[in-house]
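So for the sequence shown, this note's numbering puts the first residue at 1264; every next one is plus one.
Glycine residues also receive a C-beta, built at the ideal position from the N, C-alpha and C atoms.
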Amino acid sequence: MTYKDKKLAVLHQLSQESEPVSLAELLKKLGDKYVERSVRRWLSKMITEGLVERLGHKKGTKYQVINLANRENGKAGSCFGLENIKIIEQVRRPIYERKPMAYADHWIDAYQPNITFYIPPKCRTQLEKAGQRSKREDPAGTYAHQIFNRLLIDLSYNSSRLEGNTYSLLDTQRLLLEGSSAKGKLDEEKIMILNHKEAIRYLVDNASKLEISEQTICTLHYLLSDGLVEARYAGKIRDHSVRIGGSTYIPFENKKQLQSRFNRIIEKAASIENPYEQSLFLLVHITYLQGFSDVNKRTARLSANIPLIKANLVPLSFNDVDREAYTSSVIAIYELQVIRPLLDLYLFSYMRTCAMYDSTVKALGFDEVRVRYRQQRRAIIHDVILNKLSDASMKEYISDQVLKLIKEEDRTSFFEDVIEDLREIDLSRIAGLGITHDQLNMWIASQKPFPL
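See below:
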């Protein structure tokens, strides 16, 4: 286990504790491989990063992960810095005390990609260290495929929860993986979660082809809103006015104005090089524009994952984000054009997610070679079937491709994966291979008993 893995495991262990624990208690649960001096140093760093808090003094010192649910007297959760707590309290004043606000063109006009940054350099470095998972040469979407079911459940659940959906995490899992609806729930809630499933699958399956474009964002909106808005508004910029509950913000009503600003957002976002900055920019500005008739924030949350999934970084699942805190952070964008509270939530949730997903991948024990080289494997299988290769010619072709395409240390495992897939191929397994049922049947008919 690497240094970073051990540090994240400490954070993960703390996140599982229902009560604050002492260093001695934490070390006992972590096991013999953890040195007290190192764990103490990691805890101090996590306190500085705002992930962990220290309670008590000297021998009575205990530690706990900062939890958004820890609120006192209606004040914002402890993931917010003091300055941002004041902002949150400002937007929670009675609505009649807050000024009506229109869309601020100057705000996005002032943003210059790769010159202006919403995320400070230190925070970008922190995110990159925590979120990097795959090698640079791995195909886009490799990591998201590895943790797909976990991502599907967490992102569907949390994004829906932030909209008021009452499905529990277990109910969500049963619906997504087993198709079992929860009793006593509204049909709209079921549709919302199932729409998330389709949108997340679209992101992961098309990771290598995804671009920050109008088509991509509108496709996400279509998938998320299908059956929840009028069909003519799914995936389309709206042509009517909308109002934001609990806010004085008044979005544009004119479709041409909305389309113009939407295009500007896409153009600027597509030029941003840092994936985290690009992610937060999309989250902020798709939310702020309110360009669709509904389902804007859900579209923004999934759009924010495009650069992370493409770069094989840990996705943003909005784990442990308190709904009230999130709503207030969004209102701060609507009414003040201040992104700092939302940045606090982004950082807090992302670091928690990194720790949890490391445990998921270890538990899954995934086949790294299969995942890393899936495109090469599928291309070889496509050629074998299309060219009706068999016996020695098939073995020779596969061997030649392995030598050309695969690193030496991975060749044996890759060759075995190709052979296994060819042994088991049938009509249910040709999705994504670019071959027809007839072509598969002709190849099967040409084969003798499998030679390898």
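Whether residue i touches residue j by CB criterion (8 Å)
{"i": "L1491", "j": "I1528", "result": "no"}
{"i": "W1370", "j": "Q1638", "result": "no"}
{"i": "A1532", "j": "I1475", "result": "yes"}
{"i": "S1278", "j": "D1417", "result": "no"}
{"i": "I1569", "j": "L1449", "result": "no"}
{"i": "T1511", "j": "R1361", "result": "yes"}
{"i": "V1647", "j": "L1685", "result": "yes"}
{"i": "C1342", "j": "L1608", "result": "yes"}
{"i": "Y1206", "j": "E1400", "result": "Residue 1206 lies beyond the stretch modelled for the chain, which goes from 1264 to 1715, so this question has no answer here."}
{"i": "A1595", "j": "I1351", "result": "yes"}
{"i": "E1598", "j": "N1526", "result": "no"}
{"i": "Y1620", "j": "S1556", "result": "no"}
{"i": "A1618", "j": "L1274", "result": "yes"}
{"i": "V1315", "j": "L1425", "result": "no"}
{"i": "Y1381", "j": "L1543", "result": "yes"}
{"i": "N1582", "j": "N1458", "result": "no"}
{"i": "L1483", "j": "T1562", "result": "yes"}
{"i": "G1509", "j": "I1358", "result": "yes"}
{"i": "A1403", "j": "S1504", "result": "no"}
{"i": "K1446", "j": "S1419", "result": "no"}
{"i": "V1302", "j": "L1289", "result": "yes"}
{"i": "S1591", "j": "R1355", "result": "yes"}
{"i": "L1439", "j": "L1415", "result": "yes"}
{"i": "S1534", "j": "P1376", "result": "yes"}
{"i": "S1653", "j": "Q1710", "result": "yes"}
{"i": "W1706", "j": "K1651", "result": "yes"}
Assumed close pair residue i, residue j - CB separation to whole angstroms, cut-off 8 Å
{"i": "I1500", "j": "Q1522", "result": "5 Å"}
{"i": "N1575", "j": "T1405", "result": "5 Å"}
{"i": "Y1613", "j": "L1390", "result": "6 Å"}
{"i": "I1513", "j": "A1365", "result": "5 Å"}
N- and C-terminal bounds of the beta strand (DSSP E) containing residue i
{"i": "Y1326", "result": "K1325 to V1328"}
{"i": "R1317", "result": "V1315 to L1318"}
Top-ranked residue by Cα proximity to residue i, from the options
{"i": "K1670", "options": "E1683, T1482 and Y1636", "result": "Y1636"}
{"i": "P1283", "options": "V1298, L1318 and L1274", "result": "L1318"}
{"i": "A1708", "options": "I1693, D1689 and Q1436", "result": "D1689"}
{"i": "V1593", "options": "L1552, T1388 and G1344", "result": "L1552"}
{"i": "E1679", "options": "T1435, P1384, I1644 and S1591", "result": "I1644"}
{"i": "I1661", "options": "K1651, V1681 and D1673", "result": "V1681"}
{"i": "V1632", "options": "P1363, Y1496 and T1675", "result": "T1675"}
{"i": "G1323", "options": "D1673, R1615, S1285 and Y1297", "result": "S1285"}
{"i": "Y1374", "options": "A1403, L1415 and H1548", "result": "H1548"}
{"i": "T1479", "options": "N1377, A1567, Q1702 and L1290", "result": "A1567"}
{"i": "C1481", "options": "G1498, N1469 and A1494", "result": "G1498"}
{"i": "I1293", "options": "R1304, M1309, E1516 and A1272", "result": "As written in the sequence, residue 1293 is Leu, which differs from the Ile given in the question. The candidate whose alpha carbon is nearest that of L1293 is A1272."}
{"i": "R1640", "options": "L1666, D1434 and K1321", "result": "L1666"}
{"i": "I1456", "options": "S1423, Y1297 and D1295", "result": "S1423"}
{"i": "E1687", "options": "E1672, L1703 and S1488", "result": "L1703"}
{"i": "D1368", "options": "L1696, C1386 and F1515", "result": "F1515"}
{"i": "D1701", "options": "T1616, L1649 and F1677", "result": "L1649"}
{"i": "T1616", "options": "E1441, K1321, I1310 and V1328", "result": "V1328"}
{"i": "A1694", "options": "G1554, A1642, K1325 and S1281", "result": "A1642"}
{"i": "A1407", "options": "L1432, D1468 and P1363", "result": "D1468"}
{"i": "M1309", "options": "K1296, Y1326, K1321 and D1295", "result": "Y1326"}
{"i": "N1428", "options": "L1605, S1691 and R1586", "result": "R1586"}
{"i": "P1578", "options": "L1565, K1518 and Y1589", "result": "L1565"}
Extent of the continuous alpha helix (DSSP H) run through residue i
{"i": "L1486", "result": "E1477 to S1488"}
{"i": "I1416", "result": "F1411 to R1424"}
{"i": "P1363", "result": "Taken as a continuous stretch (DSSP letters only), P1363 belongs to no alpha helix (DSSP H), as it is neither H nor E."}
{"i": "V1505", "result": "V1505 -> no alpha helix (DSSP H), and no H or E assigned at all."}
{"i": "R1527", "result": "K1518 to S1534"}
{"i": "F1678", "result": "R1674 to E1687"}
{"i": "P1383", "result": "Note, P1383: premise wrong, no alpha helix (DSSP H); not H, not E."}
{"i": "E1587", "result": "R1586 to L1599"}
{"i": "K1349", "result": "L1345 to V1354"}
{"i": "S1542", "result": "P1538 to L1552"}
{"i": "Y1297", "result": "Run containing Y1297: none; DSSP gives neither H nor E here."}
{"i": "S1566", "result": "N1559 to S1566"}
{"i": "L1449", "result": "Neither: L1449 is in no alpha helix (DSSP H) and is coded neither H nor E."}
{"i": "P1570", "result": "I1569 to K1573"}
{"i": "V1665", "result": "D1654 to L1668"}
{"i": "N1704", "result": "H1700 to S1709"}
{"i": "R1396", "result": "R1396 -> no alpha helix (DSSP H), and no H or E assigned at all."}
{"i": "V1647", "result": "R1637 to L1649"}
{"i": "A1287", "result": "L1286 to L1293"}
{"i": "L1491", "result": "Run containing L1491: none; DSSP gives neither H nor E here."}
{"i": "T1435", "result": "L1432 to E1441"}
Next on the checklist: Contact between the region 1537–1552 and the region 1387–1401 is defined here as three or more beta-carbon pairs at a separation below 8 Å; is this criterion met?
Outcome noted: yes
Item to check | Contact the region 1457–1468 vs the region 1404–1421: 3+ CB pairs below 8 Å | outcome: yes
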